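Q: Residue numbering for the sequence shown follows my numbering, starting at 19 and increasing by one per position. Where is the CB? At the ideal position from N, CA and C, for every residue including glycine. Being a predicted model, the structure only gives us computed values, none of them experimental. This structure is in structure tokens; I'll ask about it shortly.
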Amino acid sequence: MYTEFEKQRILDQTEKLGRKPGALRQWFCEYEKNKDLPPKPSLRKRITDGRTGLQLKNIIKDNPAMSIRRVVVPSKSTIHRFELQNSLSHSKR
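Below, the structure is given as structure tokens:
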């Protein structure tokens, strides 16, 4: 099941981590099948990023009498057009 190298690696890790060899063997058995898989992709579900939200907050702060209905909230497809109309710069990092 384990090669000599893997057995030695488990024993070395038990000394470093202060765990029992059985616990580390179980961990290696459970995660052996997943160790070569690529990282799970993360999907952004938000419409705007933090900088755009901060810019919207500053617009409201500058015009406190402005109601929330008068502030146009951008959708995913119109975010860049919204920034251009309100002279907001959206710099990419």
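Rounded to whole angstroms, what's the CA-CA distance from residue 61 to residue 68? Just pull it up for me.
A: Here residue 61 is taken as the residue at index 43 of the sequence shown, counted from 1. Here residue 68 is taken as the residue at index 50 of the sequence shown, counted from 1. Cα to Cα, the separation comes out at about 16 Å.
Q: Reducing DSSP to helix, strand and coil, say where residue 68 ends up.
A: Looking up residue 68 in the sequence shown gives position 50. In this structure, residue 68 counts as helix in the three-state DSSP scheme.
Q: Can you name the start and end residues of the alpha helix (DSSP H) that residue 42 belongs to?
A: On the sequence shown, residue 42 is found 24 positions in, with the first residue counted as 1. 39-49 is the extent of the alpha helix (DSSP H) around residue 42.
Q: Span of the alpha helix (DSSP H) holding residue 27?
A: One-based indexing of the sequence shown puts residue 27 at position 9. Note, residue 27: alpha helix (DSSP H), 22-35.
Q: Rounded to whole angstroms, what's the CA-CA distance from residue 51 to residue 63? Just pull it up for me.
A: For the purposes of this step, residue 51 is taken as the residue at position 33 of the sequence shown. For the purposes of this step, residue 63 is taken as the residue at position 45 of the sequence shown. Rounded to whole angstroms, residue 51 to residue 63 spans 29 Å at the Cα level.
Q: Measuring straight from C-alpha to C-alpha, what distance separates residue 53 and residue 37?
A: Here residue 53 corresponds to residue number 35 of the sequence shown, with the count starting at 1. Here residue 37 corresponds to residue number 19 of the sequence shown, with the count starting at 1. The alpha-carbon atoms of residue 53 and residue 37 are separated by roughly 21 Å.
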